[in-house]
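Numbering (my numbering), first residue to last: 1 to 448.
Quick reminder that beta carbons are idealized off the backbone N, C-alpha and C, glycines included.
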């Protein structure tokens, strides 16, 4: 390699230009890494990857440009050699002749060991146990030895019987020592094979990525993967390319034996045996269940027999109830759904021959008077309450606000006639603000 001298025809401008090219390549590399991070299927079943990652050629170009920019000012060859059984020394020329090689790997009949190993104080020696065949009949006949084996203080490689069992084919393998820590339930021994720490709200302790396989895997005779901090787990929504009707689900790929994920609307899907996806039903008051009720005596006088109106407290002289309307729901679903809407009342009339109809009004709906369901109650006796029930099922759209009400009318024009809702009161001396409840309910069922 040539050396740049003061008389070298290359100028500082050449170095600056090549440095700029390196920075441009670095920017492209960052873009590739950011763009490919969440595109993998990650289901471990070999499904095609949406945007496979390939950075090797770019890294080669960046390295070549860096070398050209630096010249021999930075890059200098340094010999490193040793004879067998002796340490490798930087800056040392080999004393072997051309017919002799220098081994930097475990030789025949030695116990498996890392090429480079960092060992803490008080570590149990691992080379005292000769290698034996694993007791697992499915174990491979050869093992790939880790490039770096870091064994913590008090740590030792695991054994099977009296023989060391060297697991895994990863380039880095850590074996934890044992420490005793104080917890709220008493002292507990802890051993950590690999520990990563990230600082601040954007810090990442340990990461793992794959193209179409698994990013991070944990295996144990107990719990494979645990969230032992605050118990929180972050899971991003699937990209649109992996959803059947983006941003809606379900996912368009076959799931694992058990898998859960969510679509762009936040709806969670879980897999069933046989490869089917089902949405996870939400629950809770004012999330999947909405209800309103009143125990006031309600009254409607002189209905035109055609128009459904709000059910209001009886303000007749001598009764004088105020307020209302109370049978009103405001629903903004957080997921696409079907709503089962019900209404219940104890209805009666003060004049024979006039029946009472209750209806469910939903705005917006497109139905006449926005009445999506109604029922009629009647009887020949006056002031004799009859239990009435009405229900309707309709589709609601995520993010749309719906006004849902229970309304009523008579079956025909009824000038001077009054219909009422509410039997009782109960107890009998409780007053007309404590009659049987009139209620409206809405139950939402996920509909992806």
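Per DSSP, residue 355 has no beta-bridge partner at all. For residue 293, the secondary structure class from DSSP, reduced to helix, strand or coil, is strand.
Just so you know, the alpha carbons of residue 292 and residue 425 end up roughly 19 Å apart. Linking residue 402 to residue 362 through their CA atoms gives a straight-line distance of about 7 Å. If you draw a straight line from the Cα of residue 322 to the Cα of residue 294, it comes to about 12 Å.
Taking a cut-off of 8 Å for Cβ pairs, the region 218–227 and the region 238–245 do not touch, as fewer than three such pairs fall below it. Nearest to residue 180 by alpha-carbon distance, out of 358, 324, 315 and 192, is 192. For the pair residue 208 and residue 197, the CB atoms are not nearer than the 8 Å cut-off. For residue 377, the closest C-alpha among the options 337, 354 and 435 is that of 354. When the beta-carbon positions are compared, residue 297 and residue 406 stay at least 8 Å from each other.
Cβ-Cβ distances below 6 Å link residue 262 to 237 and 268 in the same chain, with the five nearest sequence neighbours on each side left out; the list follows chain order. Annotated as proximal: residue 440 and residue 404, with beta-carbon spacing under 8 Å. Each residue's CA atom was taken as its position, placing residue 258 and residue 274 some 10 Å apart. For residue 391, the enclosing beta strand (DSSP E) covers residues 386–396. The C-beta separation of residue 443 from residue 289 comes to about 6 Å, placing the pair in contact by the 8 Å criterion. Less than 8 Å separates the beta-carbon of residue 246 from that of residue 264.
Fewer than three beta-carbon pairs drawn from the region 365–376 and the region 311–319 are found closer than 8 Å, and the two stretches are therefore not classed as touching. Judged by DSSP in its simplified three-state form, residue 21 adopts helix.
Per DSSP, the beta bridge partners of residue 270 are 260 and 278. Under the criterion of beta carbons closer than 8 Å, residue 413 and residue 336 do not qualify as touching, at roughly 41 Å. Residue 338 and residue 395 have their alpha carbons spaced roughly 4 Å apart. Residue environment analysis places residue 278 among the exposed positions, since fewer than 16 neighbouring C-beta atoms fall within 10 angstroms of its C-beta. Its chain contains 260, 278 and 280 as the residues whose beta carbon lies nearer than 7 Å to that of residue 270, once the 5 sequence neighbours on both sides are disregarded; these appear in chain order. Taking a C-beta distance under 8 Å as the contact criterion, residue 358 and residue 382 do not qualify as a contact pair. Taking C-alpha positions only, residue 306 is separated from residue 408 by approximately 10 Å. Counting along the chain, the unbroken beta strand (DSSP E) around residue 375 starts and ends at 371–377. A residue is called buried once 16 or more other Cβ atoms fall within 10 Å of its Cβ, and residue 380, having fewer, is exposed.
DSSP places residue 190 in the uninterrupted beta strand (DSSP E) bounded by 186–190. For residue 26, the three-state secondary structure derived from DSSP is helix. In the structure shown, the three-state DSSP call for residue 403 is strand. For residue 414, the secondary structure class from DSSP, reduced to helix, strand or coil, is coil. Rounded to the nearest whole angstrom, the C-alpha separation of residue 331 and residue 364 is 11 Å. Residue 299 and residue 418 do touch by the CB rule: their CB atoms are close to 6 Å apart, below 8 Å. Contact between residue 416 and residue 346 does not hold, since their C-beta atoms are separated by about 22 Å, which reaches or exceeds 8 Å.
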